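This report refers to the structure that appears directly beneath it.
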DNA sequence: TCAATTGTTCGTAAGTAATCGAACTATTAA
DNA sequence: TTAATAGTTCGATTACTTACGAACAATTGA
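Protein chains in written order, with the numbering used here: chain A, 2 to 114; chain B, 2 to 114.
Next up, the structure:
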């Protein structure tokens, strides 16, 4: 596998982060990570093909929103909260809070409490 | 001219707002309005065709970020700050603050202080 | 070694977005 | 009425996005 590219903190662009967060699937993934901590792609219960999820994970990674590391055959995604908070204070938190307050993903079986 | 459609507050979608704000031109327009108050399209010094600016204004309006009213031949854009703050507290403020703190539009002559 | 699991990459298709210029509408001013 | 100003809409182009399945690669477990 080729090395996964992550932008340096200073190279994270606000517009790119907002774009990455403007998709319902990606918003859901990010909110899940923030709620439950880092996790592998296969833990996200989304109604899309795995190749499509892989694409979304890449979009999140290349925008600087998540960090991806390999663990066995899995790719563990974690939020780059510190980088985002330093660069764009309050942006990630307010977005995720707004998401959780009212925009629960329509495609998720709401059974996780 | 046909009536301009604005979504009701309750129909403003987080993902759509983030998408609207994920473009450098639109981010600039929104930050200008927030800094200097409501203003007409022709006051934005952006290096794009007027038809393109019109498209961006429409994207901002239809996502619920701005309100547009006619005044003579002009279209006055204002920020829907209250609607956005009620629906997504802190989101608009933190985004614009992050933008102004470091993401000044590269296409603008930085002569306004 | 063989199979299962996890994810990536590739090829493709459909849809969407940004952009321009030209033509148009509406308003204001002369 | 005519001209100027401010925007919108249309048609076309180009590029990107999302999506899928198939094929591939890497790791783990039997």
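From the three backbone atoms N, C-alpha and C, an ideal C-beta is built for every residue, glycine too.
None of these values were measured; they are calculated from a predicted model.
Cut-off 8 Å between Cβ atoms - residues of its own chain near residue 45/A, not counting five sequence neighbours on either side: 29, 30, 33, 54
Residues near residue 58/A in its chain [Cβ-Cβ closer than 8 Å; skip 5 each side]: 30, 42, 67, 69, 76, 78
Strand pairing of residue 40/A, partner residues [DSSP]: 78/A
Contact residues within the region 6-21 of chain A, judged by C-beta distance below 9 Å to chain B: 14, 15, 16, 17, 18, 19, 20, 21
7 Å Cβ shell around residue 84/B - same chain, five flanking residues per side excluded: 10, 13, 65
Three-state secondary structure assigned by DSSP to residue 71/A: strand
Helix, strand or coil at residue 6/A [DSSP, three-state]: coil
Which of helix, strand or coil DSSP assigns to residue 22/B: coil
Any C-beta of chain B under 8 Å from that of residue 67/A: no
Continuous alpha helix (DSSP H) stretch holding residue 97/A: start and end: 92-103
Within-8 Å CB hit, residue 89/B to chain A: yes
8 Å Cβ cutoff, residue 47/B in contact with chain A: no
Residue 27/B to residue 61/B span [Cα, whole Å]: 7 Å
Any C-beta of chain B under 8 Å from that of residue 28/A: yes
Assigned secondary structure, residue 11/B (DSSP; H/G/I helix, E/B strand, else coil): helix
C-beta atoms of residue 91/A and residue 23/B nearer than 8 Å: no
Candidates 38/B, 86/B, 101/B, 73/B, of which the one nearest residue 18/B by Cα: 86/B
Residue 80/B and residue 35/B closer than 8 Å at C-beta: yes
Minimum C-alpha distance to residue 1/A - residue among 88/A, 63/A, 73/A: The displayed coordinates of chain A run from 2 to 114. Any statement about residue 1/A would go beyond what the structure contains.
Buried or exposed (CB count within 10 angstroms, at least 16 for buried), residue 97/B: buried
Cutoff 8 Å: residue 34/B Cβ touching any chain A Cβ: no
Outcome for residue 50/B when other beta-carbon atoms lying within 10 angstroms are tallied against a minimum of 16: exposed
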